[in-house]
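Working notes for the structure below.
Numbering (the numbering used here), first residue to last: 10 to 261.
Structural data, given as structure tokens:
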């Protein structure tokens with residue numbers, strides 16, 4: 010496997026990506042040259058950093074060299090490089106980075122392929138799938154710690170923007186009576202449903218669906234989402250709360 014890497018300005022990304030695709034690139038990855046995060050993109054946009062690193066993978070050296078020649082011929086200001094990439098089980102590499110995490114004194118988030126360090130603790134088995142939420146993100150960690158420290162017995166909860174279902178399922182594990190987990194992303198609903206099954210969550214304690222399915226207010230609402238939708242949904246959130254018990258954290 011060969012990797013062709015180019016540093017360019019964001020205005021050139023679309024053109025260069027199309028060129029790399031046309032020369033047989035198996036995958037194209039965009040990363041920030043300065044390692045700066047994009048905190049909050051506009052809805053419906055695909056933002057980019059000012060200076061971008063494009064990495065394209067090729068199975069054949071012929072294709073990679075052809076791409077290199079084409080790039081240098083048409084774009085003399087670029088300095089692309091080719092390097093060999095060792096074969097790797099990328100799924101396994103990702104799994105190795107996701108290890109059991111503890112939040113508060115008794116809540117553990119454990120990947121399904123790992124054993125909990127404390128079998129008698131409150132353990133949530135998790136596979137994020139294609140959805141956001143493993144507990145490693147700072148705002149998710151804050152929410153989990155808050156849930157672990159809050160009496161949830163007999164409370165109804167809404168998890169607005171449930172992602173992998175990590176907060177919804179943690180709330181149930183910690184004593185909530187019923188949780189409505191909603192998201193605009195179908196993959197999030199699939200991941201939440203799968204994780205609920207892994208944790209043997211009783212069907213009558215969890216409702217999973219799109220936000221439009223919410224019809225009744227709850228005691229507590231959790232929204233671990235970006236600031237713009239939080240502000241846009243402020244009125245709706247007020248409608249969904251019984252007694253203004255409210256928690257929100259923004260993702261970033």
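Backbone N, C-alpha and C define an ideal beta-carbon position, used for all residues, glycine too.
Residue 31 has its alpha-carbon roughly 46 Å from the corresponding atom of residue 243.
By the Cβ test, the segment 163 to 177 is not in contact with the segment 106 to 114, since fewer than three Cβ pairs between them sit closer than 8 Å. With fewer than 16 other Cβ atoms from the protein chains shown falling within 10 Å of its own Cβ, residue 252 counts as exposed.
Take the alpha-carbon of residue 60 and the one of residue 118: they are about 36 Å apart. The segment 185 to 193 makes contact with the segment 214 to 228; the number of CB pairs closer than 8 Å reaches 3 or more. Residue 15 has its alpha-carbon roughly 7 Å from the corresponding atom of residue 90. Beta-bridge pairing by DSSP links residue 250 to 227.
The beta-carbon distance between residue 166 and residue 229, rounded to whole angstroms, is 5 Å. This is short enough to meet the 8 Å contact definition.
Our two residues, residue 151 and residue 231, have alpha carbons roughly 11 Å apart in a direct line. In the three-state DSSP reduction, residue 111 falls in the strand class (E or B). Taken in chain order, the complete alpha helix (DSSP H) segments of 4 or more residues contained in the segment 143 to 214 are 147 to 158, 175 to 182, 195 to 207. Ranked by Cα distance from residue 149, the options 245, 210, 196, 177 are led by 177. In the same chain as residue 77, and ignoring 5 residues on each side of it, the C-beta atoms closer than 7 Å to its own belong to 13, 89, 91, in chain order. DSSP, read as helix, strand or coil, puts residue 124 in coil. If you look at residue 85, you'll find it isn't in any alpha helix (DSSP H); DSSP assigns it neither H nor E. Looking from the CA of residue 245, the closest CA among 226, 233, 235 belongs to 226. Rounded to whole angstroms, the gap between the alpha carbons of residue 23 and residue 69 is 23 Å. The C-alpha of residue 66 is placed about 5 Å away from the C-alpha of residue 36. The bridge partners DSSP lists for residue 16 are 62.
Residue burial is scored here from C-beta neighbours: residue 129 has fewer than 16 other C-beta atoms within 10 angstroms and is therefore classed as exposed. Residue environment analysis places residue 107 among the buried positions, since at least 16 neighbouring C-beta atoms fall within 10 angstroms of its C-beta. Counting along the chain, the unbroken beta strand (DSSP E) around residue 93 starts and ends at 90 to 93. Taking all protein chains in view, the Cβ of residue 193 is surrounded by fewer than 16 other Cβ atoms within 10 Å, so the residue is classified as exposed.
Rounded to the nearest whole angstrom, the C-alpha separation of residue 41 and residue 62 is 6 Å.
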